[in-house]
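Below: the structure, in structure tokens.
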């Protein structure tokens, strides 16, 4: 008997999920995987971001260790309940107002923390262009 799947915490067409998907899927070998009811984004098999439901909407990411303390001084950045034990942080995000320029930087740093050498080479050869509006 297979276990019951986790209920989806966000619909796949939620504006926040769609915006994060558009940002994450630009990276080499990026994949979207539904895990524990949430949309996660991976560099191959390694997860680098997920859309959470903390504070109405948040993006969970792996911070650059040198930026972690500065990020935690922001009012919109926090340690998420489960992933925080593994060094991850989350940023509260409004799907309309962002802060999307910062989110793009955080996702890029998170991807680079888990990507394989070949993925980084592909990224450096064809960099992701920011899409901040």
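In our numbering, the protein residues as written are 1112 to 1244.
Even for Gly, the Cβ is constructed at its ideal location relative to N, Cα and C.
Tell me the residue span of the alpha helix (DSSP H) that contains residue i.
i, result
"residue 1181", "1179-1183"
"residue 1131", "1126-1135"
"residue 1231", "1228-1236"
Please state whether DSSP places residue i in a helix, a strand or coil.
i, result
"residue 1212", "helix"
"residue 1140", "coil"
"residue 1163", "strand"
"residue 1201", "strand"
"residue 1188", "strand"
"residue 1221", "helix"
"residue 1123", "coil"
"residue 1196", "helix"
Could you please give the first and the last residue of the uninterrupted beta strand (DSSP E) stretch that includes residue i?
i, result
"residue 1073", "Lying outside 1112 to 1244, the shown extent of the chain, residue 1073 is not represented and no answer is given."
Considering only DSSP beta bridges, list what residue i is partnered with.
i, result
"residue 1157", "1154"
"residue 1099", "Past the boundaries of the shown model lies residue 1099; the chain is included only from 1112 to 1244, so the question cannot be answered."
So, is residue i buried or exposed, given that buried needs 16 or more other C-beta atoms within 10 angstroms?
i, result
"residue 1217", "buried"
"residue 1249", "Outside the modelled stretch of the chain, which goes from 1112 to 1244, sits residue 1249, for which no answer is possible."
"residue 1208", "exposed"
"residue 1219", "buried"
"residue 1221", "buried"
Just to confirm, does residue i get its C-beta within under 7 Å of one of the non-hydrogen atoms of the ligand NAP?
i, result
"residue 1220", "No copy of the ligand NAP appears in this structure; indeed no ligand is present at all."
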